[in-house]
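Protein chains in written order, with the working numbering: chain A, 21 to 270; chain B, 5 to 200; chain C, 5 to 200. Note that beta-carbon positions come from the ideal geometry of N, C-alpha and C, so glycine has one too. Below: one structure, written as structure tokens.
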Amino acid sequence: MSELNYKKIDVLSLSLDGFEGPIDLLLSLVRDHKIDLTKLSILTLAEQYLVFLDKIIKKDIDIAAEYLVMGAWLAFLKSKLLLPDDNEEESMTSEEMSELLEFQIKRLEGMQKVSKLLFKRPILGKHFFKKGNPEIFGVNQKNQYNTSLYDLIKTYGEIIAFNNNKSITIADTQLYSVEDALNTLKSFFKHSKDWKDLLDFIPNNLRNKLERKSVLASHFVASLELVKEGSLKLRQDNLNGNILLHPKIN
Amino acid sequence: MKKLNEKKNENYDFVLKQKIVEALIFSSSDPVPYDELLKRIIDKNILNEILENLEKKYSSSGVNLYVINDTYAFRTSLDVSEFLNIEKIVPKPLSRAATETLAIIAYHQPITRSEIENIRGVSLSRGTLDVLLELQWVRPGHRKSTPGNPLTWKTTNLFLDYFNLKNIKDLPGIEDLKNSGLLDKNKVIFNDQSVD
Amino acid sequence: MKKLNEKKNENYDFVLKQKIVEALIFSSSDPVPYDELLKRIIDKNILNEILENLEKKYSSSGVNLYVINDTYAFRTSLDVSEFLNIEKIVPKPLSRAATETLAIIAYHQPITRSEIENIRGVSLSRGTLDVLLELQWVRPGHRKSTPGNPLTWKTTNLFLDYFNLKNIKDLPGIEDLKNSGLLDKNKVIFNDQSVD
Numbered sequence: 021m022s023e024l025n026y027k028k029i030d031v032l033s034l035s036l037d038g039f040e041g042p043i044d045l046l047l048s049l050v051r052d053h054k055i056d057l058t059k060l061s062i063l064t065l066a067e068q069y070l071v072f073l074d075k076i077i078k079k080d081i082d083i084a085a086e087y088l089v090m091g092a093w094l095a096f097l098k099s100k101l102l103l104p105d106d107n108e109e110e111s112m113t114s115e116e117m118s119e120l121l122e123f124q125i126k127r128l129e130g131m132q133k134v135s136k137l138l139f140k141r142p143i144l145g146k147h148f149f150k151k152g153n154p155e156i157f158g159v160n161q162k163n164q165y166n167t168s169l170y171d172l173i174k175t176y177g178e179i180i181a182f183n184n185n186k187s188i189t190i191a192d193t194q195l196y197s198v199e200d201a202l203n204t205l206k207s208f209f210k211h212s213k214d215w216k217d218l219l220d221f222i223p224n225n226l227r228n229k230l231e232r233k234s235v236l237a238s239h240f241v242a243s244l245e246l247v248k249e250g251s252l253k254l255r256q257d258n259l260n261g262n263i264l265l266h267p268k269i270n
Numbered sequence: 005m006k007k008l009n010e011k012k013n014e015n016y017d018f019v020l021k022q023k024i025v026e027a028l029i030f031s032s033s034d035p036v037p038y039d040e041l042l043k044r045i046i047d048k049n050i051l052n053e054i055l056e057n058l059e060k061k062y063s064s065s066g067v068n069l070y071v072i073n074d075t076y077a078f079r080t081s082l083d084v085s086e087f088l089n090i091e092k093i094v095p096k097p098l099s100r101a102a103t104e105t106l107a108i109i110a111y112h113q114p115i116t117r118s119e120i121e122n123i124r125g126v127s128l129s130r131g132t133l134d135v136l137l138e139l140q141w142v143r144p145g146h147r148k149s150t151p152g153n154p155l156t157w158k159t160t161n162l163f164l165d166y167f168n169l170k171n172i173k174d175l176p177g178i179e180d181l182k183n184s185g186l187l188d189k190n191k192v193i194f195n196d197q198s199v200d
Numbered sequence: 005m006k007k008l009n010e011k012k013n014e015n016y017d018f019v020l021k022q023k024i025v026e027a028l029i030f031s032s033s034d035p036v037p038y039d040e041l042l043k044r045i046i047d048k049n050i051l052n053e054i055l056e057n058l059e060k061k062y063s064s065s066g067v068n069l070y071v072i073n074d075t076y077a078f079r080t081s082l083d084v085s086e087f088l089n090i091e092k093i094v095p096k097p098l099s100r101a102a103t104e105t106l107a108i109i110a111y112h113q114p115i116t117r118s119e120i121e122n123i124r125g126v127s128l129s130r131g132t133l134d135v136l137l138e139l140q141w142v143r144p145g146h147r148k149s150t151p152g153n154p155l156t157w158k159t160t161n162l163f164l165d166y167f168n169l170k171n172i173k174d175l176p177g178i179e180d181l182k183n184s185g186l187l188d189k190n191k192v193i194f195n196d197q198s199v200d
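Written out as structure tokens, the structure reads:
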């Protein structure tokens with residue numbers, strides 16, 4: 021592989037975003053270097069891919085597995101191409117591997133070509149048109165509905181997904197339950213007849229923010245519950261002021 | 005020679021214009037006003053001749069050119085409409101409930117009514133199964149040998165026919181749904197809120 | 005005299021039948037299946053003759069009879085496409101993944117999901133197959149009788165209709181691809197362990 025080829029690779033923007041998988045990347049390497057697919061040098065191509073991959077890895081560790089698998093496969097192919105084939109019992113010869121790679125690239129190229137050809141065809145609703153005001157014949161009852169197979173299976177997928185969601189189990193959390201808060205408040209006001217700040221119920225040793233919030237929230241909800249029951253009074257003297265709790269004495 | 009060529013061109017032009025008018029009336033969702041056609045053809049005489057031609061051409065067809073208040077439309081001819089029992093039916097999708105029920109029967113058949121209700125989480129209203137029965141997409145199957153011997157439901161050949169399935173097994177399975185993106189949990193939570 | 009009358013009746017009957025078929029296809033916006041037409045006409049020979057007649061009758065019109073697999077539809081002629089700037093429906097462009105997947109399914113059908121992935125060398129992301137399903141351009145085919153019985157995918161008549169194709173053999177470049185052996189979906193570099 022010449023110096024020149026290495027330089028060209030640098031020109032390629034180092035990103036995998038534009039590629040639809042490793043074969044697509046190989047195909048664009050072929051195109052970038054204007055290599056004739058019929059006279060493809062597999063060794064050159066493999067080297068370029070590996071160089072490219074190497075640079076990508078340095079920039080972005082998050083590389084899709086399929087690029088790495090292809091890289092490993094190409095590295096293996098490269099070693100086979102460079103070393104003479106002495107072990108004939110191996111499952112695949114280097115020629116077979118090269119042929120396969122070439123085939124995959126050509127096939128993808130073929131598919132990309134025809135997918136473009138397809139959309140260059142006359143298109144319904146753009147170049148030719150259907151009957152604008154269709155009439156429907158009543159004998160044919162089933163035409164009343166235009167439910168499609170897609171509607172059917174999509175609906176089923178939604179039912180299944182919904183049912184799966186229903187049976188979600190929530191992992192244990194460190195959150196403080198309203199029930200616990202109710203117990204705390206009740207037992208506290210059994211003995212105390214004074215006004216008490218809601219914030220005082222939050223233990224000082226809570227480092228986790230979420231945990232603090234949950235203790236506060238559950239105590240607030242619990243206090244509302246007790247107000248509703250008629251056993252507690254709440255007071256807030258000004259906006260954003262502290263919330264004070266007081267037992268209601270019957 | 006020149007004249008002949010001109011004549012030929014004129015004729016070609018006329019034929020093309022006639023095709024345009026024909027295609028316009030055919031593809032329009034509403035009857036096409038004369039003025040709309042004139043915008044394309046420009047020459048009134050030519051347009052009139054074209055419309056006369058078309059009326060003649062279609063007069064003995066299964067479809068006629070109708071003129072209603074200076075608007076033009078192709079409609080099924082009266083000769084055949086009596087055989088075809090034409091109704092103006094606007095195709096509509098099945099109700100959500102009916103589609104869900106149909107899908108559940110298709111995937112779980114034979115299935116009893118209460119099993120359907122279990123999966124959907126709501127009770128089955130009367131009309132839902134009736135719609136499917138009327139369409140002949142579902143039919144009663146065996147009775148189940150559980151207490152009460154409930155009736156089971158399954159899909160019909162007409163159902164397979166309508167959805168162009170050779171076999172009920174050809175319905176995509178849950179794995180297929182997942183892989184094709186049709187079983188996306190997050191999507192569903194939002195879908196559920198939207199109005200279908 | 006009697007014979008002549010019979011002949012006349014037969015002829016009248018044929019003309020009526022042709023009108024019925026014409027009206028059925030002309031009035032529908034979706035392609036009408038052959039079987040649907042046969043239900044009315046009963047006799048295959050007569051129906052075939054009618055369809056041939058109609059194709060000829062409309063071949064030089066602004067509206068042509070299209071045969072899409074075993075379905076029939078009237079569509080505006082391609083001769084006039086540039087003159088019909090009527091409300092064109094511009095569908096939102098498909099993603100590259102969806103476009104390629106569509107082509108792969110069209111040219112290799114029936115094909116399983118993992119075969120598609122092998123050809124593209126990348127796993128099929130969500131929203132690729134279901135977009136094509138939603139457009140009703142692809143549909144599930146048979147299950148393959150290989151381990152795991154994977155579902156296969158194929159294209160629909162609506163797909164053919166949309167791209168103005170008579171049948172799959174009409175796909176651009178399919179002969180060349182076939183002759184050069186590029187339509188072999190079994191050749192893969194990595195044997196994917198995943199089950200469809």
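Can you tell me which of the options puts its alpha carbon nearest to the alpha carbon of residue i?
i, options, result
"A73/B", "S32/B, Y38/B, D83/B", "The amino acid occupying residue 73/B in the given sequence is Asn; Ala does not appear at that position. Considering only alpha carbons, the answer is Y38/B."
"V126/C", "K248/A, K216/A, L46/A", "L46/A"
"A77/B", "E231/A, E199/A, P154/A", "P154/A"
"L172/A", "G145/B, G177/B, V71/B, V67/B", "G177/B"
"D17/C", "S81/C, I45/C, L28/C, P151/C", "I45/C"
"I180/A", "A107/B, L155/B, T150/B, K43/B", "A107/B"
"K213/A", "P142/A, S135/A, K268/A, K133/A", "K268/A"
"V247/A", "Q132/A, I83/A, L205/A, F123/A", "L205/A"
"G131/B", "S99/B, L55/B, N15/B", "S99/B"
"F139/A", "I172/C, V84/C, N168/C", "N168/C"
"T150/C", "D165/C, R79/C, E119/C", "E119/C"
"S207/A", "N225/A, S243/A, N228/A", "S243/A"
"T159/B", "E121/B, N122/B, H112/B, K148/B", "H112/B"
"Y165/A", "N15/B, E121/B, K96/B", "K96/B"
If you measure between the beta carbons of residue i and residue j, is that distance less than 8 Å?
i, j, result
"L175/C", "A110/C", "yes"
"N65/A", "V50/A", "It is worth fixing the name first, because residue 65/A is Leu in this sequence and not Asn. Yes, Cβ-Cβ distance for L65/A and V50/A is below 8 Å."
"P114/C", "W157/C", "yes"
"L162/C", "S184/B", "no"
"L70/A", "L102/A", "no"
"H146/C", "K60/B", "no"
"P35/B", "T75/B", "yes"
"E122/A", "I62/A", "yes"
"L181/B", "I172/B", "no"
"F149/A", "P142/A", "no"
"G91/A", "L73/A", "yes"
"T105/B", "L128/B", "yes"
"E40/A", "A101/C", "yes"
Below 8 Å on the Cβ atoms is my guess for residue i versus residue j; work out the distance and round it to an integer in Å.
i, j, result
"I125/A", "R124/C", "In fact, because the Cβ distance is near 12 Å, the residues do not count as touching under 8 Å."
"K216/A", "L265/A", "5 Å"
"T103/C", "P154/C", "Wrong, their Cβ atoms sit about 23 Å apart, outside the cutoff."
"L58/B", "L69/B", "5 Å"
"S32/B", "G152/A", "4 Å"
"L144/A", "R143/C", "18 Å between Cβ atoms; not a contact."
"L202/A", "E245/A", "6 Å"
"L97/A", "S118/A", "7 Å"
Residues of chain F with CB closer than 9 Å to the CB of residue i, please, in chain order.
i, result
"Q140/C", "Within the model displayed, chain F is absent; protein chains A, B and C are what it includes."
(request) Decide yes or no for the touch test of the segment 11-28 of chain B against the segment 46-63 of chain B: beta carbon pairs closer than 8 Å, at least 3 of them. (result) They touch, by the three-pair rule.
(request) Report yes or no: do the segment 193-202 of chain A and the segment 135-154 of chain B share at least 3 C-beta pairs separated by less than 8 Å? (result) In this structure the segment 193-202 of chain A does not lie against the segment 135-154 of chain B, because fewer than three pairs of beta carbons, one per stretch, are closer than 8 Å.
(request) Could you pull out every unbroken alpha helix (DSSP H) segment of at least 4 residues lying fully inside the segment 69-111 of chain B, listed in chain order? (result) Correct list: 82-88.
(message) Does the contact criterion of 3 or more C-beta pairs under 8 Å hold for the segment 24-33 of chain B versus the segment 64-71 of chain C?
(response) Because the criterion of three Cβ pairs below 8 Å is met, the segment 24-33 of chain B and the segment 64-71 of chain C touch.
(request) Count the C-beta pairs between the segment 211-221 of chain A and the segment 235-250 of chain A that are closer than 8 Å, then say yes if the count reaches three, no if not. (result) The segment 211-221 of chain A, when compared against the segment 235-250 of chain A, does touch it at the 8 Å Cβ threshold.
(request) Please list the segments of the beta strand (DSSP E) lying wholly inside the segment 74-120 of chain A, counting only runs of 3 or more residues, in order along the chain. (result) Fully enclosed beta strand (DSSP E) runs of 3 or longer: not present.
(request) Note down, one range per segment and in chain order, each alpha helix (DSSP H) of at least 4 residues found wholly within the segment 104-177 of chain B. (result) You should have 117-124, 130-138, 161-166.
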